[in-house]
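Report on the structure given below.
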Amino acid sequence: MAETATAAARGTRVTYDFVTRAIARTLGHPGKGYFALLAAAVALLAVGIVCLLFLLRYGLGLAGYSHPVYWAVYITCFVFWVGIAHSGTLISAILFLFRSGWRTAVYRTAEAMTVFAVMTAGLFPLIHIGRQWYFYWLIPYPNERGLWPNFKSPLIWDEFAIGTYFTVSTVFLIMGLIPDIAAVRDVATGWRKKLYAITSLGWRGTNEQWRHYTRGYLYLAALATPLVLSVHSVVSWDFAMAIVPGWHATIFAPYFVAGAIYSGVAMVITLLVPIRKLFHLEQLITVHHFENLAKLCLLTGMIVGYAYCVEYFTAWFGGNPAERAAFWYRAFGPFWWASWTMIICNAFLPQLLWFKPIRTNILALFVISIFVNIGMWFERYVIIVVSLAGEPFERFANATYNPTWADWGIMAGSFGWFFMWFLLFVKNFPAVSISEVKEVLPAPTRGKAARA
Amino acid sequence: MKLVNPLTAIFHPPPTPGVLAVFGHLDATVDAIGKLRQGGHTDFTVYSPIPRHEIEDALDQPVSPVRMFTLIGGISGCAVGAWLTLYMSYDWPIVVGGKPVGSIPPYVVIMFEMTILFGALATILGIAFNALFAARRQGTIAYDARFTNDKFGVFVPCEAARAGPVETLLRGAGAEEVRRA
């Protein structure tokens, strides 16, 4: 195993006990860097809350909506955060089914990121609907007029998909945590011991518990895998089912799924670099893990780059004048800067990852991952806002759209909200899976070491 | 007269008498399981920090019933999704262009999501029911905090009078520590 090889080169032996202690140590006093990050996240969240209060008081006119652009930054953020969520399930469920050993050290971070990203994403449709206090009209409940939601609308599919995704990824995260919480319970002291004694639900690692647990975990992974593919497909149909040029394309589902995993892997790298440094996890999360994440990034980035080519090619080759005009507007219209930011950050920049010195340079990966995050935000901005702004059906109403402080403030607040939950999680629960990291180590035996 | 709390019997059952052995090595644990099974013991519990196929193979247990929970949950989720969409469409029919009120292709999305949702929740219930609440002797058998860290353990329930041979057997298999509980 690469982990043990790296540790051996450094003269440390990675044993079961070392893994438990190293990960339990992340729950101790985290140092000033952690609190500085947490304070920054809470400050951003405060900005978002203030902007949201203004929006609630004075209405959606505060956002930069102008005809025909009525889906803008809030929906962009919604799709961005749902996309961020996807790589977590890829790493925790799909790579689990493929039995790839390297996922063990990074999957807990990715899975927690999934849950908090969906929590963030779920806020945006509610902010966007205007009369936020009527959000429950989306839920099929018997009301006094006997009305039900329209199940032929992709928006209601989206509600079911996101609701299911949030529920399933949360229970998947909690299920994976149980044996690890039990492990830290057995080395913790004080109030933490009590907290972990309750949250480990009586886990003791008996043969009977493992027998049901491993089976159940396998089925959860097998259910989460088609779910993750369906969720972003359904999100893409929010657009593809409409007849707006630039939206109405059959390529949308796979294009969105690849983009989602791409942005999510980039976010995993962005999160892991500081976490590894702050909590001294260099021996568990090694350069080998970052290199594998970089390869995933390269693969999905290539798919996204290919999808960009296909979109433009179809617009040209299909010969539909409205579609051609939409893509001309996208590349050379007033929003050219957004389109080219997206193409350069998402399709060209990750080509650097072909080179091993860059894949194994953590600082370079951190910088690239931030650019990919920016690029993927602009991808959604371009698809949603620029397609609407260039609508050929609205000849006399092509106002220039500009996001306002209410848009930017709430977007900044969403980053604060996400990072606040994430930082609180990694401080209070094992951010690296204890039992699964042990699974890829050779088991202690009396004779020669048995290989996992 | 002191009143007896009837809940005590449920939540704090008396400990099971027996022998607890602590092992530092996986192969020693597997040896002990083999010897116990040869000696006719079937009711023992093995603790391990991680699931290992060697232990599963040595115990030769039946496949977990959690899979039935998943299957039944998934099928009922699909049925609920179909009922939800079709019933609600026909309850307040909105006829567009004379086309059928219940339209299956868009409803497949809802049925699919409900299959996953109910299947996953039923799986969780299956794990919780089987592993946490219905497990034999849950909470009454001896435990050591090292079992979630780096030690393996075997607990054999037996009366004090018959504990001697079991202790010898476990020591012979390579147990680091053997104690009576």
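Quick mapping for you: the protein sequence lines, in order, are chains V and G.
All you need for this note's numbering is the position in the first sequence, starting with 1, plus 1359.
All you need for this note's numbering is the position in the second sequence, starting with 1, plus 4.
Even glycine gets a Cβ: it sits at the ideal position worked out from N, Cα and C.
If you're wondering where the values come from, they're calculated on a predicted model, not measured in any experiment.
In terms of alpha-carbon separation, which member of the options lies closest to residue i?
i, options, result
"residue 1491(V)", "1546(V), 1508(V), 1463(V) and 1411(V)", "1411(V)"
"residue 1748(V)", "1386(V), 1692(V), 1802(V) and 1715(V)", "1692(V)"
"residue 1405(V)", "1620(V), 1790(V), 1670(V) and 1774(V)", "1774(V)"
"residue 123(G)", "1424(V), 1586(V) and 1549(V)", "1586(V)"
"residue 1466(V)", "1716(V), 1793(V) and 1805(V)", "1793(V)"
"residue 1529(V)", "1452(V), 1668(V) and 1798(V)", "1452(V)"
"residue 179(G)", "157(G), 164(G) and 185(G)", "157(G)"
"residue 1570(V)", "82(G), 95(G) and 69(G)", "69(G)"
"residue 1461(V)", "1568(V), 1487(V) and 1796(V)", "1796(V)"
"residue 1558(V)", "1485(V), 1725(V), 1617(V) and 1543(V)", "1543(V)"
"residue 1813(V)", "1593(V), 1539(V) and 1568(V)", "Outside the shown range of chain V (1360 to 1811) lies residue 1813(V), about which nothing can therefore be said."
"residue 1704(V)", "1766(V), 1472(V), 1737(V) and 1777(V)", "1737(V)"
"residue 172(G)", "39(G), 19(G), 30(G) and 21(G)", "39(G)"
"residue 1584(V)", "1616(V), 1599(V), 1726(V) and 1518(V)", "1616(V)"
"residue 30(G)", "52(G), 23(G), 96(G) and 47(G)", "52(G)"
"residue 106(G)", "118(G), 116(G), 86(G) and 121(G)", "86(G)"
"residue 1430(V)", "1545(V), 1715(V) and 1486(V)", "1486(V)"
"residue 1506(V)", "96(G), 119(G), 176(G) and 177(G)", "96(G)"
"residue 1469(V)", "1801(V), 1785(V), 1803(V) and 1804(V)", "1785(V)"
"residue 1688(V)", "1642(V), 1750(V) and 1724(V)", "1750(V)"
"residue 1566(V)", "36(G), 59(G), 103(G) and 93(G)", "59(G)"
"residue 1650(V)", "1711(V), 1581(V), 1697(V) and 1387(V)", "1711(V)"
"residue 67(G)", "1575(V), 1392(V), 1413(V) and 1781(V)", "1575(V)"
"residue 1740(V)", "1433(V), 1644(V), 1515(V) and 1805(V)", "1433(V)"
"residue 1783(V)", "1373(V), 1385(V) and 1375(V)", "1385(V)"
"residue 1483(V)", "1536(V), 1422(V), 1459(V) and 1463(V)", "1422(V)"
"residue 1511(V)", "24(G), 49(G), 79(G) and 103(G)", "103(G)"
"residue 1509(V)", "46(G), 44(G), 19(G) and 94(G)", "94(G)"
"residue 1671(V)", "1548(V), 1534(V), 1639(V) and 1690(V)", "1690(V)"
"residue 1770(V)", "1414(V), 1454(V) and 1393(V)", "1414(V)"
"residue 1450(V)", "1642(V), 1638(V), 1655(V) and 1568(V)", "1655(V)"
"residue 1389(V)", "1700(V), 1640(V) and 1713(V)", "1640(V)"
"residue 144(G)", "1637(V), 1679(V) and 1561(V)", "1561(V)"
"residue 1408(V)", "1776(V), 1787(V), 1780(V) and 1395(V)", "1776(V)"
In this structure, what does DSSP give as the bridge partners for residue i?
i, result
"residue 161(G)", "22(G)"
"residue 50(G)", "158(G)"
"residue 181(G)", "26(G)"
"residue 1425(V)", "1428(V)"
"residue 1565(V)", "51(G)"
Would the region 1473–1489 of chain V and the region 1431–1442 of chain V be scored as touching if the rule is three or more Cβ pairs under 8 Å? These segments touch.
Touching by the beta-carbon criterion (3+ pairs, under 8 Å), the region 153–166 of chain G and the region 1591–1611 of chain V: No: fewer than three Cβ pairs fall under 8 Å.
For a minimum of 4 consecutive residues, which ranges assigned as the alpha helix (DSSP H) are wholly contained in the region 23–99 of chain G? You should have 30–42, 57–63 and 70–95.
Could you name the residues of the region 108–121 of chain G whose beta carbon sits closer than 8 Å to any beta carbon of chain V, in the order they occur along the chain? Within the region 108–121 of chain G, the qualifying residues are 110, 111, 113, 114, 116, 117, 118, 120 and 121.
Under 8 Å, with one C-beta from each stretch per pair, do the region 1552–1569 of chain V and the region 1493–1506 of chain V reach the 3-pair mark? Contact fails: fewer than three Cβ-Cβ distances are below 8 Å.
Evaluate the contact criterion for the region 1389–1400 of chain V versus the region 1731–1742 of chain V: three or more CB pairs, one atom per stretch, below 8 Å. Short answer: they don't touch.
Please identify, using Cβ separations under 9 Å, the residues of the region 1625–1653 of chain V that lie next to chain G, in order along the chain. From the region 1625–1653 of chain V, no residue has a Cβ closer than 9 Å to chain G.
Please list, in chain order, the residues of the region 1785–1799 of chain V that have any C-beta partner in chain G closer than 7 Å. If the cut-off is 7 Å between Cβ atoms, the region 1785–1799 of chain V has 1794, 1797 and 1798 near chain G.
Which residues, taken in chain order from the region 1557–1575 of chain V, show a beta carbon closer than 7 Å to some beta carbon of chain G? Cβ contacts with chain G come from 1560, 1561, 1563, 1564, 1565, 1566, 1567, 1568, 1569, 1570, 1571, 1572, 1573, 1574 and 1575.
To be precise: take each residue of the region 1516–1530 of chain V, compare its Cβ to all Cβ atoms of chain G, and keep it if any distance is under 7 Å. Which residues remain? Near chain G, meaning a CB-to-CB distance below 7 Å, the residues of the region 1516–1530 of chain V are 1516, 1519, 1520, 1523, 1526, 1527 and 1530.
Starting from the N-terminal side, write out each stretch of the alpha helix (DSSP H) that is 4 residues or longer and does not extend beyond the region 1646–1707 of chain V. With a minimum length of 4 residues, the continuous alpha helix (DSSP H) runs that stay inside the region 1646–1707 of chain V are 1646–1677, 1680–1691 and 1695–1702.
Residues in the region 42–58 of chain G with C-beta within 7 Å of chain V's C-beta atoms, listed in sequence order? 49, 50, 51, 52, 53, 54, 55 and 56: these are the residues of the region 42–58 of chain G whose beta carbon lies less than 7 Å from some beta carbon of chain V, given in chain order.
For the region 1446–1472 of chain V, which residues have a CB atom closer than 8 Å to at least one CB atom of chain G, in sequence order? Within the region 1446–1472 of chain V, contact with chain G at the beta-carbon level (separation under 8 Å) is assigned to no residue.
Across the region 1620–1636 of chain V and the region 1722–1729 of chain V, are there enough close Cβ pairs to call them in contact, namely three or more that are closer than 8 Å? They touch, by the three-pair rule.
Near-chain G residues of the region 1539–1556 of chain V - C-beta to any C-beta below 8 Å: Residues 1541, 1542, 1544, 1545 and 1546.
Mind checking the region 1371–1391 of chain V against chain G and listing, in chain order, the residues whose C-beta falls within less than 8 Å of any C-beta there? Only those residues of the region 1371–1391 of chain V whose C-beta falls short of 8 Å from the nearest C-beta of chain G are listed: 1374, 1375, 1376 and 1379.
Got a sec: which bits of the region 79–108 of chain G sit with their beta carbon under 7 Å from any beta carbon on chain V, in order along the chain? Taking 7 Å as the Cβ-Cβ cut-off against chain V, the residues of the region 79–108 of chain G that qualify are 88, 89, 92, 93, 95, 96 and 107.
Please list the residues of the region 1494–1513 of chain V that have a C-beta atom closer than 7 Å to any C-beta atom in chain G, keeping them in chain order. For the region 1494–1513 of chain V, the residues whose beta carbon sits under 7 Å from a beta carbon of chain G are, in order, 1499, 1505, 1506, 1507, 1510 and 1511.
The region 1683–1697 of chain V in contact with the region 1500–1511 of chain V per 3-pair CB rule at 8 Å: Contact between the region 1683–1697 of chain V and the region 1500–1511 of chain V is absent, because fewer than three Cβ pairs lie under 8 Å.
Unbroken stretches of the alpha helix (DSSP H), 4 residues or longer, contained in the region 1528–1576 of chain V: Counting only unbroken stretches of 4 or more residues, the alpha helix (DSSP H) elements lying wholly within the region 1528–1576 of chain V are 1549–1558, in sequence order.
Using Cβ-Cβ distances below 7 Å, what residues of the region 1609–1620 of chain V are close to chain G? Residues are counted here when their Cβ sits less than 7 Å from a Cβ of chain G; for the region 1609–1620 of chain V the count is zero.
Hey, which unbroken runs of the alpha helix (DSSP H) at 4 residues or more fall wholly within the region 1758–1789 of chain V? If one requires a minimum length of 4 residues, the alpha helix (DSSP H) runs lying completely within the region 1758–1789 of chain V are 1764–1787, in chain order.
Count Cβ pairs between the region 1649–1666 of chain V and the region 1757–1768 of chain V that sit closer than 8 Å; are there 3 or more? In short, these stretches do not touch, since the Cβ pair count stays below three.
Would you be able to state if there are at least three C-beta pairs under 8 Å between the region 1506–1520 of chain V and the region 99–115 of chain G? Because the criterion of three Cβ pairs below 8 Å is met, the region 99–115 of chain G and the region 1506–1520 of chain V touch.
Length-filtered (4 minimum) alpha helix (DSSP H) runs lying within the region 1582–1640 of chain V: Entirely contained in the region 1582–1640 of chain V, the alpha helix (DSSP H) runs reaching 4 residues are, in chain order, 1611–1637.
Chain V contacts made by the region 146–157 of chain G, where a contact means CB separation under 7 Å: So the close ones are 147, 149, 151, 152, 153 and 154.
Which residues of the region 19–35 of chain G have a Cβ closer than 7 Å to any Cβ of chain V? Give them in chain order. Here the close residues are 28, 29, 30, 31 and 32.
Interface positions of the region 1482–1493 of chain V facing chain G (Cβ-Cβ less than 9 Å), listed along the chain: Taking 9 Å as the Cβ-Cβ cut-off against chain G, none of the residues of the region 1482–1493 of chain V qualify.
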